[in-house]
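Structure record follows, encoded as structure tokens.
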Amino acid sequence: MGKGEGEVAGCKAAARLGVEGVFVEECFDSSYCRNLERIGYLRKGRLEPLEAAYQASRGMLCMGGTSGWAAAVEVIAGLGLSLDTALVYFDLRRKGRKPLVGVRRGTLVYEHGGRVYEVLVLSEGYPLKIGSLVEWSRGASMDNHSPIVAIVDRTGLITYYEARAVRSIQ
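Taking the numbering used here, the leading residue of the sequence shown gets 93, the next gets one more, and so forth.
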């Protein structure tokens, strides 16, 4: 396979950042792009933003001739994505999970072992009322999702907690 015009060594696709997201302009490895489509991250040339940042960070996706962390940061900043959410997303992807943005604000959803998990991403020190956490946990449970809280500390370290709401015994 020869290098396409503008292709950076190691990149499997070239994309551009637009107002409405990340768009794949050229695919240098068709099996790579087909896999992204099969998983559901690439639809009609548009790549899910967090997946675009993840693929760029791995050097698989080139953004305007750059790849790696510089390209990933360009996607995160350019689309106004949460850095903490991106870090949790990257961590889940490295662990072999295939997360999607959840329907509730600040959440990611993925399936593993026949269960669906909903991850609420929080920053260390972020003030959160316990009632809000219980409400989110109940909502996730009502959707048959296993609720998980991911707390990202100031150094980027992620700690995961199971977050089940229980009824009080009277």
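We put the beta carbon where it would ideally sit given N, CA and C, even for glycine.
Short check: CB of residue i to CB of residue j, under 8 Å?
i	j	result
Val-208	His-237	yes
Val-211	Leu-225	no
Ala-107	Val-114	yes
Ala-164	Ser-149	yes
Taking residue i and residue j to be in contact with their CB atoms under 8 Å, please state how far apart those CB atoms are, rounded to whole angstroms.
i	j	result
Cys-119	Met-152	11 Å between Cβ atoms; not a contact.
Arg-189	Tyr-202	4 Å
Val-144	Val-167	Here residue 144 turns out to be Ala, not Val, going by the sequence shown. Sure, about 5 Å apart at Cβ, within 8 Å.
Val-71	Tyr-253	For the chain, the structure presents residues 93 to 262; residue 71 sits outside this window and is missing.
Phe-182	Tyr-146	5 Å
Using a Cβ-Cβ cut-off of 7 Å (strictly less than) and excluding sequence neighbours within five positions of residue i, which residues of its own chain qualify?
i	result
Tyr-133	Leu-139, Glu-140, Glu-143
Gly-231	Arg-196
Ile-131	Lys-190
CB-CB under 6 Å to residue i, same chain, minus the five flanking residues each way: which ones, in chain order?
i	result
Ser-174	none
Leu-171	Pro-141
Gly-160	Gly-151
Who are the near neighbours of residue i in its chain, counting only those whose CB is closer than 8 Å to its CB and skipping five residues on each side?
i	result
His-204	Arg-189
Glu-129	Arg-135
Legend entry - Contact between the segment 115 to 130 and the segment 168 to 178 (3+ Cβ pairs under 8 Å): no
Legend entry - Stretch-stretch touch, CB-based, cutoff 8 Å, three pairs: the segment 132 to 139 with the segment 194 to 203: no
Legend entry - Contained alpha helix (DSSP H) runs [length at least 4] in the segment 167 to 237, N- to C-terminal order: 175 to 186, 222 to 234
Inset, instruction - Assess, as a yes-or-no matter, whether the segment 234 to 250 is touched by the segment 206 to 226 under the definition of 3 or more beta carbon pairs within less than 8 Å. - result: yes
Inset, instruction - Entirely within the segment 93 to 139 and at least 3 residues each: give me those beta strand (DSSP E) ranges in chain order. - result: 105 to 110, 113 to 119
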